[in-house]
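Numbering (UniProt numbering), first residue to last: 1 to 139. Backbone N, C-alpha and C define an ideal beta-carbon position, used for all residues, glycine too. None of the values given here were measured: they were computed from a predicted structure. Notes follow once the structure below has been shown.
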């Protein structure tokens, strides 16, 4: 847990500096943290589970308060869709999952986005792909 939190803390000033220098930035990857209760199938049962602990979620809040936008939630504010499922208990088939894979962008970059998606139908891992589509004229 401490390694993850340290990483979150060390990444933020690096990406913020890029924004201050006039760059648009996309942060993407497996954050291993579900940010909000809507981002996992069983939030109450997982309040003390790594990946949904308040301290982890607060770190993502820090990114948001620094102007970083969760692109999937920007386009799909109420969608109960997930990017990871345990291999056990038929979780994927029952869609008992977590959304822990993200694209974050700086606020001024949002206008150049067309969509952000999760692709649960693509198999190959306990995660599914997530995608970010830019508007053609933004390239």
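In the DSSP secondary-structure assignment, residue 133 is bridged to 115.
In this structure, the beta-carbon distance from residue 127 to residue 83 falls below 8 Å. When DSSP states are grouped into helix, strand and coil, residue 95 belongs to the coil group.
In the structure shown, the three-state DSSP call for residue 14 is helix. Secondary structure of residue 39 (DSSP, three-state): helix. Inter-segment contact for the stretch 60-74 and the stretch 89-98 is absent: fewer than three beta-carbon pairs are separated by less than 8 Å.
Membership of residue 63 in the alpha helix (DSSP H) is indicated by the continuous run 54-65. Beta-bridge annotation (DSSP): residue 29 is paired with 102.
Sequence-distant Cβ neighbours of residue 132 in its own chain, meaning closer than 6 Å and more than five residues away, are 71, 103 and 116. Inter-residue distance for residue 113 and residue 47 is about 32 Å (C-alpha atoms, whole angstroms).
As computed with DSSP, residue 70 is found in a beta bridge with 104. One alpha carbon belongs to residue 18, the other to residue 109, and they sit about 13 Å apart.
Looking at the DSSP output, residue 85 bridges to nothing.
If you draw a straight line from the Cα of residue 54 to the Cα of residue 121, it is about 30 Å long.
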